[in-house]
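Residue numbers (the working numbering): 1 to 215.
First the structure, in the form of structure tokens, and then the observations on it.
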Amino acid sequence: MAAEKWNDDGMDSGGVAIDNMPLPPAADIPEFKLFGRWSSYDAQVSDMSLQDYISVKEKYAKYLTHSADRYAHKRFRKAQCPIVEPLMMHRRNNGKKLMAVRIVKHAFEIIHLLTVENPLQVLVTAIINSGPRKDSTRIGRAGTVRRQAVDVSTLRRINQAIWLLCTGAREAAFRNIKIIAECVADELIYAAKGSSNSYAIKKNDELERVAKSNR
1 MAAEKWNDDG
11 MDSGGVAIDN
21 MPLPPAADIP
31 EFKLFGRWSS
41 YDAQVSDMSL
51 QDYISVKEKY
61 AKYLTHSADR
71 YAHKRFRKAQ
81 CPIVEPLMMH
91 RRNNGKKLMA
101 VRIVKHAFEI
111 IHLLTVENPL
121 QVLVTAIINS
131 GPRKDSTRIG
141 RAGTVRRQAV
151 DVSTLRRINQ
161 AIWLLCTGAR
171 EAAFRNIKII
181 AECVADELIY
191 AAKGSSNSYA
201 IKKNDELERV
211 AKSNR
């Protein structure tokens with residue numbers, strides 16, 4: 001197929017001006033769906049304080065859970081990381097990226113079969129419910145150490161929630177007949193419902209209870 005030729009006046013070979021060429025309508029632009037199935041436009045962040053930090057809609061929509069961006073290059077840039085990606089990143093699993101992507105994909109399929117909901121919405125709700133709002137820190141030097149209740153920042157609250165969800169799924173899969181994808185799906189579903197069967201919900205309640213006693 002021959003390449004189109006343009007003259008010096010900004011006209012193509014058919015005499016149509018470049019500036020006057022019609023643009024494709026917005027409806028023709030394909031929507032990015034996670035794994036080709038799950039739409040990010042259906043996911044709603046009910047917590048107003050987390051809306052700027054849970055990156056799930058519009059430009060953060062991805063087909064795969066691996067964007068290969070440098071989120072640690074600048075401070076707070078990791079807040080722009082798509083929310084599904086930290087769920088399967090390193091430091092929480094054995095480092096095999098393709099295996100982690102496959103586990104998340106299978107877990108989302110199981111969530112859809114069990115709840116008939118968008119798995120992205122289940123994940124967002126689970127993160128909102130699992131993130132502790134209060135925590136305690138050590139104040140003083142050795143010998144005169146006491147614990148003081150503090151507020152948890154928004155970004156740490158999200159990171160802590162994801163860490164608790166992954167830790168609970170990994171511990172549930174250890175010496176269990178269930179595969180890791182089933183354990184991830186169960187953990188997310190229980191956390192989204194606020195059930196005490198979730199490891200993340202139990203640890204969240206424990207952290208907030210300790211913080212309340214150290215006011």
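Heads up, the beta-carbon is just placed ideally off N, CA and C, and yes, glycines get one too.
Which of helix, strand or coil DSSP assigns to residue i
{"i": "N93", "result": "Unreliable placement is indicated for N93, whose pLDDT of 49 sits below 50; the coordinate value is still reported in the next sentence. Coil."}
{"i": "R170", "result": "helix"}
{"i": "A200", "result": "helix"}
{"i": "P119", "result": "helix"}
{"i": "S40", "result": "coil"}
{"i": "K62", "result": "coil"}
{"i": "K33", "result": "strand"}
{"i": "H73", "result": "coil"}
{"i": "A68", "result": "coil"}
{"i": "R175", "result": "coil"}
{"i": "S46", "result": "coil"}
{"i": "R219", "result": "This structure cannot settle anything about residue 219, because the visible part of the chain is limited to 1 through 215."}
Best match in the options for proximity to residue i [C-alpha to C-alpha]
{"i": "A85", "options": "G131, T137, L98, H73", "result": "Checking the sequence shown, residue 85 turns out to be Glu, not Ala. Closest option to E85, Cα to Cα, is L98."}
{"i": "S49", "options": "A149, I158, Q121, A72", "result": "I158"}
{"i": "I201", "options": "K178, W163, Q51", "result": "W163"}
{"i": "S195", "options": "C183, S130, Q121, D47", "result": "S130"}
DSSP bridge partner residues for residue i (one or two, in chain order)
{"i": "V150", "result": "D135"}
{"i": "P82", "result": "S55"}
Boundaries (first-last residue) of the alpha helix (DSSP H) holding residue i
{"i": "Y190", "result": "180 to 193"}
Residue i to residue j span [Cα, whole Å]
{"i": "V56", "j": "I139", "result": "37 Å"}
{"i": "A100", "j": "M88", "result": "5 Å"}
{"i": "A43", "j": "A211", "result": "31 Å"}
{"i": "R215", "j": "R37", "result": "46 Å"}
{"i": "V45", "j": "R77", "result": "20 Å"}
{"i": "R175", "j": "A191", "result": "22 Å"}
CB contact below 8 Å: residue i versus chain C
{"i": "S49", "result": "Among the chains of the structure shown, chain C does not appear; only one protein chain is present."}
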